[in-house]
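Report on one structure; see the data block that follows.
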Amino acid sequence: MAMSKPKVFEKPRGVKDYLPDLADKLRRIEWRMLDCMARWGYRQIITPTLEYYDTVGLASSTANERLFKLLDNKGTTLVLRSEMTAPIARVVASLLKDEALPLRLSHHSNVFRAIEEEAGREWEFFQTGVELVGDGSPEADAEVIALMASCLKAAGVRDFKIALGHIGVLNGVFSASLPDRPEQQQTLRECLLKRNYVGFRAALKGMDLSPEARTNLERILRLRGGREVCDEALAIVGDETSRTALAHLRDVWDALKAYGVGDTVMIDLTMIGNFTYYTGLIFEGYAADLGFPLCSGGRYDNLLAAFGRPAPATGFALETNRIVLVADDMPKDERRVLVLYRKPRREEALARAMALRRETETAVAVETVFMPDGETADVSGGEGQWVFRGRRYDDVLRFDE
Amino acid sequence: MAGTTAQAIRERLKVAIPKGRIYKKAAALFRDAGIPAPEDVDDSRKLLVTLQDAGMEIILAKPADVPTYVEYGAADIGVVGKDVLMEENRSVYELLDLGIARCRMSVIGLPDWKPAIHPRVATKYPNLASRYFREQGQQVEVIKLNGSIELAPLVGLADRIVDLVESGQTIRENGLVEMEHMFDITSRLIANRVSYRMKSDAIDDVCDRLQAAIDRRSAQQAERV
Numbered sequence: 000m001a002m003s004k005p006k007v008f009e010k011p012r013g014v015k016d017y018l019p020d021l022a023d024k025l026r027r028i029e030w031r032m033l034d035c036m037a038r039w040g041y042r043q044i045i046t047p048t049l050e051y052y053d054t055v056g057l058a059s060s061t062a063n064e065r066l067f068k069l070l071d072n073k074g075t076t077l078v079l080r081s082e083m084t085a086p087i088a089r090v091v092a093s094l095l096k097d098e099a100l101p102l103r104l105s106h107h108s109n110v111f112r113a114i115e116e117e118a119g120r121e122w123e124f125f126q127t128g129v130e131l132v133g134d135g136s137p138e139a140d141a142e143v144i145a146l147m148a149s150c151l152k153a154a155g156v157r158d159f160k161i162a163l164g165h166i167g168v169l170n171g172v173f174s175a176s177l178p179d180r181p182e183q184q185q186t187l188r189e190c191l192l193k194r195n196y197v198g199f200r201a202a203l204k205g206m207d208l209s210p211e212a213r214t215n216l217e218r219i220l221r222l223r224g225g226r227e228v229c230d231e232a233l234a235i236v237g238d239e240t241s242r243t244a245l246a247h248l249r250d251v252w253d254a255l256k257a258y259g260v261g262d263t264v265m266i267d268l269t270m271i272g273n274f275t276y277y278t279g280l281i282f283e284g285y286a287a288d289l290g291f292p293l294c295s296g297g298r299y300d301n302l303l304a305a306f307g308r309p310a311p312a313t314g315f316a317l318e319t320n321r322i323v324l325v326a327d328d329m330p331k332d333e334r335r336v337l338v339l340y341r342k343p344r345r346e347e348a349l350a351r352a353m354a355l356r357r358e359t360e361t362a363v364a365v366e367t368v369f370m371p372d373g374e375t376a377d378v379s380g381g382e383g384q385w386v387f388r389g390r391r392y393d394d395v396l397r398f399d400e
Numbered sequence: 000m001a002g003t004t005a006q007a008i009r010e011r012l013k014v015a016i017p018k019g020r021i022y023k024k025a026a027a028l029f030r031d032a033g034i035p036a037p038e039d040v041d042d043s044r045k046l047l048v049t050l051q052d053a054g055m056e057i058i059l060a061k062p063a064d065v066p067t068y069v070e071y072g073a074a075d076i077g078v079v080g081k082d083v084l085m086e087e088n089r090s091v092y093e094l095l096d097l098g099i100a101r102c103r104m105s106v107i108g109l110p111d112w113k114p115a116i117h118p119r120v121a122t123k124y125p126n127l128a129s130r131y132f133r134e135q136g137q138q139v140e141v142i143k144l145n146g147s148i149e150l151a152p153l154v155g156l157a158d159r160i161v162d163l164v165e166s167g168q169t170i171r172e173n174g175l176v177e178m179e180h181m182f183d184i185t186s187r188l189i190a191n192r193v194s195y196r197m198k199s200d201a202i203d204d205v206c207d208r209l210q211a212a213i214d215r216r217s218a219q220q221a222e223r224v
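First to last, the protein sequences are chains H and Z.
Sequential numbering from 0 applies to the first sequence in numbering that gives the first Met the number 0.
Sequential numbering from 0 applies to the second sequence in numbering that gives the first Met the number 0.
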C-alpha cells in the first residue's frame, strides 16, 4: 500500500524501540544466557551486520524473499544478516581454519528478516545462541540442547518444553515406502513442513501404497511423547536410515536425562524443519504463555562444506525478544542515588558521586543534578523513598544548601 | 502474565469457533464427540462460553479471524473453513478435516464469457485467487470485494469472480455459470504451534473424539446410501 510521508513519531513498521525498563530486562536476560554459555566453554564471536548475498545470503536458511538486500557503491548485492549460523560458518572455514575442531562459539546479535508487517513478526530481532562445530555425535546434540535448557532457566523462563525431531526418520520412512518416487516424497514433506496433516492424509490416499506402508505413514503423525516413541517407531520402520536416526535420537534422550533436563524434552517425529538445510536432529523450545516458539536449532552437517571446510555442526538461537515476554522479572537490586549540588559545593558533590560509583559491594546508579541559582530543589518523600522531578531514589545527597 | 489467572486459563483448552453459518454445524459435531457445545449462540452477544466439565472455553470469533487467534495462541485450537485457511496463510497445524460446511471454491462468470484483454477477477479471497491464477499461468487483476460478489460481472466491474458455491442457486439466479471448480472446501480443526506441544494430551483427546464422531457419521451415511 502506498504510504504518505511518515509522521515524525513513526518508524518503519517491523522495528521496535526498547524503552529503559524493557531494555534493562532484555539485557539482563542476554547477559545471563551468555554467562551460561561461557560456563559451558563457548566463546563469543562478533561478525558484521552486512554480508555478501552470494556467500552468506545464499548459504543461510532464510528464504530468499525474506532477506533484506541492498547494493554497495560498486553495485554488489549485500544482505543484512538474517541469522548467525552462516556468518559463523564463513569465519570457521576462513579465519579460524587452522583452529582444531570441535569449536564452541557463542553469539549475540540483532538479525533482520523481511516478514509481513504484523505484531509478533518483527523485521529486526535479537538472537543469542551457540554453534558447536566439528562434532557429529549424539553427545554434541545433547550438549547443545541441555545448554539451551540451561539458558532458558537462567533467563527466568519457567515451564518450558523442548521438542526433538530427527530429519533422518522421515527421510528413511519416505524412501523405504516410496522408492523411486521423489515427487511424492516431496509432496508429503511439504505437507508436514506446512503443518498440514489433512493434506498429508489426503496425499496418502492418492498414492499407490502397500497397506502396511500406508498404515505406517499414517501412524507417523501420532508419534509424539517420550523415549517410548523411539521404541514404537523402531517397531514400525525397517529401513536402515530411520533406524540409525532413531537410535541416535534415543541416545540423545538418554544423555539429556544424564544432564538432568529429561523432564523438559519431548519427541515429535513429525517435526521436520527446513529439510534442505537441517541434516539430523532438530529441536524447538516453547513456553506455556506464548503462542510462538522461543528458540530453535538443529544439526546442519552440509553448511560448512559450502564455505570449503566440510564439518558436522549443530547449534541453536534463542529469540530474546520473545523470551523477555515470558521470563520472570528479575529486578535489579541497585541503589538509586541522587546527588543535588550548586556551584559553590560542586567539587565536593562530584567527588562524592565518583566515590559512590566506584563502590563494588552493591550495585548503584548515581545521578547528579546541578541546581542553578534561584531555583529550589523540590525533594519530597522520606527515608529510602525520595521523589525528585517525578522519579524515585533510595538516597538523596544534598550539596545545594 | 504469570500468576493464578494465567495458570487457570492455561489448563483450559481455548477453542475458537466462528459465529454464523459454521457454528451450528461445528457445535453439533462437537456434541456428537461428547463435548457439550451449546446449540445456539447467535442470539446472544456473548463472545466467550465456558464449558466447565469439558475443561474448555469457546471463543466466538469472526470466521476470517479464527486462524489469527490460533496463530497468536489466543486460542489453542480452532474450527475454520479451508477457504479462510488458504486465504490467511497462517502458521498453524491443520489437524482434521471435520467434513462439515461442505462447499466448493469456483471461478464464476457470465455464460458468454470470452477472454478479456485486461482480465479482472472480483473476490473476497484476493490472496487465494492471485495464487490460483498465477499457478494457471494467467496474469489477472484481482479486485477485493466484501460481499455480493455476484454483482461484479453483472455491472462490468470484473469479467469473472472467485467465490464459494454451496448449492449454486445464487449463481443461477443471477444468470451466472460455474466455469472452473477450484477446490473442495470443508471446515478444518487447526491448532497453535505451541499449544500443539504444550497441551498435546488435551488436543490429541479432542482430535480422537472428533475423528470418531466423523467416522460414525460417514458410516451412517454409507448405510443410508
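Quick reminder that beta carbons are idealized off the backbone N, C-alpha and C, glycines included.
Judged by DSSP in its simplified three-state form, H:Glu98 adopts coil rather than helix or strand. At least one C-beta of chain Z is nearer than 8 angstroms to the C-beta of H:Arg194. Here Z:Glu93 is near H:Asn195, since their CB atoms are less than 8 angstroms apart. Excluding sequence positions up to five before and after H:Tyr41, its CB lies within less than 7 angstroms of the CB of Arg103, Leu104, Ser105, Val129, all in the same chain and listed in chain order. Rounded to the nearest angstrom, the gap between the Cα atoms of Z:Asp162 and Z:Thr122 is 6 angstroms. Put simply, the CB of Z:Ser147 is far from chain H, with every gap to its CB atoms at 8 angstroms or more. As computed with DSSP, H:Ser105 is found in a beta bridge with H:Gln43, H:Val129. Inside the segment 195-219 of chain H, DSSP marks whole alpha helix (DSSP H) runs of 4 or more residues at positions 196-204, 210-219, from first to last along the chain. Residue burial is scored here from C-beta neighbours: H:His107 has at least 16 other C-beta atoms within 10 angstroms and is therefore classed as buried.
For Z:Asn191, at least one C-beta of chain H is nearer than 8 angstroms to its own C-beta. Counting only Cβ-Cβ distances below 9 angstroms, Z:Tyr92 has contacts in chain H at Arg194, Asn195, Tyr196, in chain order.
In the pairwise beta carbon analysis, the segment 283-303 of chain H is classified as not touching the segment 180-194 of chain H: fewer than three pairs are separated by under 8 angstroms. By DSSP's assignment, H:Tyr392 forms a beta bridge with H:Trp385. Within the segment 210-228 of chain H, Arg223 place their CB atoms closer than 7 angstroms to a CB of chain Z, listed in sequence order.
Distance check between H:Arg31 and each of H:Val323, H:Glu64, H:Ala354 places H:Val323 closest, using alpha-carbon atoms only.
Spanning the alpha carbons of H:Ala201 and H:Ala310 requires a straight line of approximately 39 angstroms.
Neighbours of H:Gly259 in chain Z, taken as residues whose beta carbon is under 9 angstroms from its own, are absent, since the nearest beta carbon is some 21 angstroms off. Check the Cα spacing between Z:Ala212 and each of Z:Pro17, Z:Arg11, Z:Ser194, Z:Ile34: the tightest is with Z:Ile34. Taking the C-beta atoms as reference points, H:Ala141 is found no nearer than 8 angstroms to H:Ile161. Not a single C-beta of chain H is nearer than 8 angstroms to the C-beta of Z:Tyr22.
Sequence-distant Cβ neighbours of H:Asp300 in its own chain, meaning closer than 7 angstroms and more than five residues away, are Gly135, Thr278, Gly279, Pro311, Ala312. Taking the CA atoms as reference points, H:Ala92 sits about 28 angstroms from H:Leu163.
Note that the segment 86-101 of chain Z touches the segment 58-73 of chain Z; at least 3 beta-carbon pairs, one per stretch, sit closer than 8 angstroms. Nearest neighbour of H:Lys342 by Cα position, chosen from H:Val325, H:Arg334, H:Met353, H:Met370, turns out to be H:Met370. The segment 69-78 of chain H makes no contact with the segment 7-18 of chain H, as fewer than three CB pairs between them are under 8 angstroms. Ranked by Cα distance from Z:Glu134, the first of Z:Met181, Z:Ala60, Z:Asn173 is Z:Met181. Around Z:Arg133, no beta-carbon contact reaches into chain H at under 9 angstroms, the shortest distance being about 15 angstroms. Interface with chain Z (8 angstroms Cβ-Cβ cutoff): H:Lys256 is excluded. Under DSSP, H:Arg397 forms a beta bridge with H:Leu339.
With its beta carbon less than 8 angstroms from one in chain Z, H:Leu289 belongs to the interface. DSSP, reduced to helix, strand and coil, places H:Thr76 within a strand of the structure shown.
For H:Tyr276, no CB of chain Z lies under 8 angstroms from its own CB, so it is not counted at the interface with that chain. Between Z:Thr185 and Z:Lys81, the beta carbon gap of about 6 angstroms places them in contact (Cβ cut-off 8 angstroms).
Unbroken alpha helix (DSSP H) runs of no fewer than 4 residues, entirely contained in the segment 94-149 of chain Z, are found at 125-134, following chain order. The C-beta of Z:Leu209 has 16 or more other C-beta atoms within 10 Å across all chains shown, which makes the residue buried. Within chain Z, the C-beta atoms nearer than 8 angstroms to that of H:Asp267 come from Arg196, in chain order.
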